[in-house]
Every structure is written in structure tokens, then in C-alpha cells.
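Some notes on the structure that comes next.
There are 2 protein chains.
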Amino acid sequence: MERTSVPPIHNVAICGGTHGNELTGVYIVREMQKQKMEKAGSVSVTTVETNPRAVAAGRRYTEMDLNRCFTDVLLSSPITESTLYEVRRAQELNAQLGPKGSAEAVDLLIDLHNTTSNMGLCLILRPNRNAILSVIHKILYFKNNLSSVPVRAIQLDIPSSKAYSLESVGKHGFAIEVGPQPNGVLRADIFNVVKEALDLTLQWLQKFSSGHSFEGGTVEAYTFVKSVDYPRDSAGKATAVIHQNLQDNDFKLLRSGDPIFQTFSGDILKYEGEDLYPFFVNECAYYEKKIAFHLAQRKTYSFPPISVKND
Amino acid sequence: MERTSVPPIHNVAICGGTHGNELTGVYIVREMQKQKMEKAGSVSVTTVETNPRAVAAGRRYTEMDLNRCFTDVLLSSPITESTLYEVRRAQELNAQLGPKGSAEAVDLLIDLHNTTSNMGLCLILRPNRNAILSVIHKILYFKNNLSSVPVRAIQLDIPSSKAYSLESVGKHGFAIEVGPQPNGVLRADIFNVVKEALDLTLQWLQKFSSGHSFEGGTVEAYTFVKSVDYPRDSAGKATAVIHQNLQDNDFKLLRSGDPIFQTFSGDILKYEGEDLYPFFVNECAYYEKKIAFHLAQRKTYSFPPISVKND
Numbered sequence: 001m002e003r004t005s006v007p008p009i010h011n012v013a014i015c016g017g018t019h020g021n022e023l024t025g026v027y028i029v030r031e032m033q034k035q036k037m038e039k040a041g042s043v044s045v046t047t048v049e050t051n052p053r054a055v056a057a058g059r060r061y062t063e064m065d066l067n068r069c070f071t072d073v074l075l076s077s078p079i080t081e082s083t084l085y086e087v088r089r090a091q092e093l094n095a096q097l098g099p100k101g102s103a104e105a106v107d108l109l110i111d112l113h114n115t116t117s118n119m120g121l122c123l124i125l126r127p128n129r130n131a132i133l134s135v136i137h138k139i140l141y142f143k144n145n146l147s148s149v150p151v152r153a154i155q156l157d158i159p160s161s162k163a164y165s166l167e168s169v170g171k172h173g174f175a176i177e178v179g180p181q182p183n184g185v186l187r188a189d190i191f192n193v194v195k196e197a198l199d200l201t202l203q204w205l206q207k208f209s210s211g212h213s214f215e216g217g218t219v220e221a222y223t224f225v226k227s228v229d230y231p232r233d234s235a236g237k238a239t240a241v242i243h244q245n246l247q248d249n250d251f252k253l254l255r256s257g258d259p260i261f262q263t264f265s266g267d268i269l270k271y272e273g274e275d276l277y278p279f280f281v282n283e284c285a286y287y288e289k290k291i292a293f294h295l296a297q298r299k300t301y302s303f304p305p306i307s308v309k310n311d
Numbered sequence: 001m002e003r004t005s006v007p008p009i010h011n012v013a014i015c016g017g018t019h020g021n022e023l024t025g026v027y028i029v030r031e032m033q034k035q036k037m038e039k040a041g042s043v044s045v046t047t048v049e050t051n052p053r054a055v056a057a058g059r060r061y062t063e064m065d066l067n068r069c070f071t072d073v074l075l076s077s078p079i080t081e082s083t084l085y086e087v088r089r090a091q092e093l094n095a096q097l098g099p100k101g102s103a104e105a106v107d108l109l110i111d112l113h114n115t116t117s118n119m120g121l122c123l124i125l126r127p128n129r130n131a132i133l134s135v136i137h138k139i140l141y142f143k144n145n146l147s148s149v150p151v152r153a154i155q156l157d158i159p160s161s162k163a164y165s166l167e168s169v170g171k172h173g174f175a176i177e178v179g180p181q182p183n184g185v186l187r188a189d190i191f192n193v194v195k196e197a198l199d200l201t202l203q204w205l206q207k208f209s210s211g212h213s214f215e216g217g218t219v220e221a222y223t224f225v226k227s228v229d230y231p232r233d234s235a236g237k238a239t240a241v242i243h244q245n246l247q248d249n250d251f252k253l254l255r256s257g258d259p260i261f262q263t264f265s266g267d268i269l270k271y272e273g274e275d276l277y278p279f280f281v282n283e284c285a286y287y288e289k290k291i292a293f294h295l296a297q298r299k300t301y302s303f304p305p306i307s308v309k310n311d
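Residue numbers (full-length UniProt numbering), protein chains in the order written: chain G, 1 to 311; chain S, 1 to 311.
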């Protein structure tokens, strides 16, 4: 593929606490603020604790999931007395780090998340055509896969106006999703992995900004296909738990006939359908969203060699 | 030791949801209620979802930790408009399953809990002299250690009047504490282990009630010595996370010089003191209680052969 020139990354925002009970990002951001970490080479670094009220309450959110508030509709809705806290907060963050879709938006927005699922470190990206994000993925993939946790890319194909998550406010953006870690708990192993991933990303941004060019290549990404709910009784209550063969086996190919649920009375329910890759298996926050797990296809994408386009 | 005759166990209460985000007990109790499980041989079985408001909210408690409300002082405090929900609920439960310390109290109370710590299955007992509980421990120890998770006994030496937990309401009582399981998540492996432990306990109670006698023996128990808090800055904020060598290593002997904390800036803090056994390492609910982990001594106790004393 032909070399692509990409506009420079002058500034990056590192965000934590978008979900108040996902503690890795909260403590990473606080430590960066304590260290007054405001520059990485020539790149400006902004750190934001995005949902302080939810962090203080030790909950995912207080009135509405903040990471579902960054659609064009909600970002432009008038603020009234009855506007939910998180919608208000999303508009503040959009003013600080965006506005989304504008030339003033931060060049790169990284939002730090945790999951109770056994997903290792995932970069969750929207556009698949984004060469910069592909390169960052590749770097983390080679570094981290060798040392501590598997690194994967998940792709959600949602148009920008409907994209509901914080990272959609930046010109480029991705979420770093790491697990398993219980909500409300901070684990050293996961703290260290995320810190390493951020350090590598910032090192790469410095090299890129100073004119270094990077090889092209391919990247494997998991593309969301559908969600699977728990089986339910006539009153809508779940009647089963994730089967122990599926539990902790995110990204292990699920084939027709594999057990996926165990009912509370002991029966086993099996998967029927095309071979797909499960992820977010038994994620705590998805109980209320009626999602037992997601299913994805795995595809390989090519990305071109890149270098910085001079201003 | 001489054979001991023990009063019969006519009835047992199995309780779940004392902490509303510890889901194994909630779902075990609901399934037993759905199956109309009211007898095990000649033994009456009562099942109780003890803190339904906290279960509905998906939180440990709503106004006060219910499992700290069963002291004589709180159980006899007058109910006023400002009485906290959980204190009110404790008095209701004491009326239903107690009164604590009376002849009317349920013969055996089993309360089902989860922890985010890697503790396997623990029986948490108050009195060390209780032959019945020692026998139950022994049975679970031999059955479960062989199959799926380690089984241990933890002993808290608190006089009955000051005992704050639900199981103190029964004539005999223990908590079954199983982990690791994130709050708000239900795992099949842990559901199955607790179900197996309850089935074994009920089988044993049937045998005991029908006149079967049981050999004496010894049981190893961990006795609480002290709690260790996180290191904190001058504003009282934690400055470190449990070190990854200690994380998930509950009940592995901690020796002077072993790392116990990693500060957010990367320093390692070491343990100083006598060799002791850590437990409840990085338990989510203990962050607010300012407990990073507990430390215990391990001791061996003897218990006598027992048989039922006829009424």
C-alpha cells in the first residue's frame, strides 16, 4: 500500500472514571495528575477524571451511563432542570475536549475502562480505516502479548453522529478495556499493564511527531455481530448463568453445540448458529442491559505505511 | 475424647442476599424457593432472602451493612422514624429466625456470602468449641478439597452479645464465604460449589438426626489476629495497591520482608512482623472499612465423637 501522510498529533487526552467503579483509569489519571504529567516530548497531555460523582459514589454512573451520552442528539440537547447529571457532564466534557467533529477537538482521546470479563487488554475502535490506531494496536500487540496479557482490537462500526462513547469526541480515539477486574477493586497487575500500554503509546506519539515513519502491515480485529441475552422466565427473570465452559473464555471460538448456559435447576443450554467469537462474557454492567455476551467475527485488515504530514 | 451427645437439629435456615451484590446466595435461595425445598428428611428447611432492598439496588446495603446489625444493642434498639432500613430488617429477621440466644431460635443458620478475594470456600464460625460445626467443616473439607475448591475454617472469637453477623441469631450458625467472584456477577463454578456444600450439609444433618454417630478428629482453623490498612497520604487517600505477589494468595504464609503493597508511583512496601496468614486480600467491600487484608494464625483444634441426644 502507498505511504499515507497523517496530520500530526499535537495533543492527547487520557481519561479515567467514565465508569466510576472501574478503578484502573481513576488511579492512573490521579497519579499522572500528581506527577504533573503534562507533556510527552512535544505532545501535550491532558488528564481528566470524567465522572467524579460516580467515582465518589463507587458506582458505574449516578443517573445515566455517561459512556452512552456522546451522541450528537444528547450533546446538543438543551440543558434544563431535569437534565440528568451525566448528560450535563457529557456536554461539559465535549466543551473541554471537543467539540466532537470540530477542528478544535483533541487530536487523540484515550478512555480507560475495566471489565469483569476475561478479555485481557482490548483496544475498542470505531473506524477500521484509521492507520494511526492500527499502528498503536500493533505496537501494544507485540509488546504486551510477549510480556503479560493478550492484546486485541475490537471494532464497532457506528457512524460518528450516533457514536455514544467518550472517545468519539476526539479526532482519533479509542477505549482501553482491561479485565478481568471486579468493579470497585484495583488490581496491581492490571494497573501495571495499563500503565505500560500508555507509556508505549506516548513513546510512539513522540516518535511519530518527530518525523519517524512506520511500516504498514495487517491487524486482526473482532467486529461486533450481535448480543446474546440470558434465557428468561415469563416474568422476565434470568433462569440461567453462563456455563463454566464459556466463563473466562472470551475470544475462544464458539461453535454450534457448545454449552453456553447452565439453568439454575441444572440443565445445559447449547449454542446454535454460525461459529463466532464471544466477548464481554458475564460482564457485570451488562446484566441490566440484558446482555450475557457479545459475539464477533474476526477479520484481518491491512494498513499502509504512515508518516506525519507537516503542518 | 469422650463421646458428646448433642441436641438434635430440627430446623435449619439458609439465607442469601444479606449483602445485596453477592449473588450466589441470592440465586441459590431463589432456586430452593422455586423448588419448594422445605424439608431435608426430618429437618425443616427455611430459606430467606435477607436484604431484598439491597438486592434490588444491586448494592451491598442501602443504609448500613446488614451483617453488622445483629449485636444485642442494635437488636434491642427502639424503632423510630430515623431507624436505618437495615437495623429495622435485622430486627425483623431476629423475630423470624431468633430471637438470638433464645430457645425459639433456629437450630442452625447458614448465611451465604461471596468475596472478591481468592479464598475458595470458607466456613466462618464464631465458637471454636462447637462440635457440630467442626464435623460439617470436616465433611466439606474432604469432599470439596478433592473436587473443586479448597475448604477452610475461619474463626472469629467474639462473645455472642457483640456478635454482629446474621449467623449469630441461630443456636448454631456459620457463614459460607466463597470467592473470587466480583460483586454483581454470578459465576457457575461458584454457584455449583455452594450448592454442593449445602447438599452435603443437609445430607449430614439427615444422618445425624436419624441417630448416626460421627467420629471425632481435628480441624485446622484460621484465627483472626489483626487487619492491615492501605498506606495513606496526609489527606487520608490510599497511596498504594496490593502487591501482585500478595494478590490472589490468601492463606499463603506471609513472612517478614515479603512485598505487600505497590505504591502508585512504583515503590514496593514490605511486610514487617511475625509470620501470619493473609485472608480477605483486596476484598472490594473492605475499601470503605480501611482494610487491605486480614491476618490470621493457623491452629489445630480437636473435636470429640458426637451423636444426637434424644429429646
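Note that the Cβ used here is the ideal one computed from N, Cα and C, for glycine as well.
According to DSSP, what are the bridge partners of residue i?
i                     : result
residue 43 (chain S)  : S:40
residue 49 (chain G)  : G:16
residue 307 (chain S) : S:5
residue 120 (chain G) : G:179
residue 259 (chain G) : G:270
residue 110 (chain G) : G:14, G:174
residue 246 (chain G) : Paired residue(s): none; residue 246 (chain G) is not in a bridge.
residue 254 (chain G) : G:276
residue 125 (chain S) : S:155
For a cutoff of 7 Å on Cβ pairs, would you count residue i as touching chain S?
i                     : result
residue 196 (chain G) : no
residue 188 (chain G) : yes
residue 184 (chain G) : yes
residue 243 (chain G) : yes
residue 191 (chain G) : yes
residue 63 (chain G)  : no
residue 274 (chain G) : no
Once you ignore the five residues that flank residue i on each side, which residues in its own chain have a CB closer than 8 Å to its CB?
i                     : result
residue 29 (chain S)  : 14, 15, 16, 17, 47, 48, 49, 112
residue 121 (chain G) : 140, 144, 149, 150, 151, 152, 176, 177, 178, 193, 194, 197
residue 185 (chain G) : 23
residue 37 (chain G)  : 45, 47
Output needed for residue i: all residues of its chain with C-beta closer than 6 Å, excluding positions within five of it in sequence on either side, in chain order.
i                     : result
residue 258 (chain S) : 271
residue 11 (chain G)  : 44, 106, 107
residue 214 (chain G) : 135, 306
residue 26 (chain S)  : 16, 17, 55
residue 115 (chain S) : 177, 179, 283
residue 72 (chain S)  : 161
residue 290 (chain G) : 229
Please confirm if residue i has its CB atom under 7 Å from at least one CB of chain G.
i                     : result
residue 179 (chain S) : no
residue 15 (chain S)  : no
residue 279 (chain S) : no
residue 284 (chain S) : yes
residue 262 (chain S) : yes
residue 116 (chain S) : yes
residue 31 (chain S)  : yes
Grab the span of the beta strand (DSSP E) containing residue i for me, first residue to last.
i                     : result
residue 171 (chain G) : Looking at the DSSP string, residue 171 (chain G) is not in any beta strand (DSSP E), and its letter there is neither H nor E.
residue 163 (chain S) : That residue, residue 163 (chain S), is in no beta strand (DSSP E); it is neither H nor E in DSSP.
residue 301 (chain S) : 293-303
residue 241 (chain S) : 240-242
residue 72 (chain G)  : Looking at the DSSP string, residue 72 (chain G) is not in any beta strand (DSSP E); the run it does join, the alpha helix (DSSP H), is 72-75.
residue 152 (chain S) : 151-155
residue 277 (chain G) : 277-279
Where do the N-terminal and C-terminal ends of the alpha helix (DSSP H) with residue i fall, by residue?
i                    : result
residue 34 (chain S) : 23-34
residue 93 (chain G) : 85-97
Apart from the five residues just before and just after residue i, which ones in its own chain have a Cβ nearer than 7 Å to its Cβ?
i                     : result
residue 247 (chain S) : 281, 282
residue 174 (chain G) : 110, 123, 124, 125, 133, 167
residue 304 (chain S) : 1, 2, 3, 4, 131, 216
residue 273 (chain G) : 256
residue 239 (chain S) : 231, 232, 233, 263, 264
residue 90 (chain G)  : 66, 69, 70, 74, 75
residue 21 (chain G)  : 58, 59, 60, 183, 184
residue 101 (chain S) : 160
Run through the stretch 184-234 of chain G for me and flag every whole alpha helix (DSSP H) of 4 or more residues, listed as ranges in chain order.
188-209
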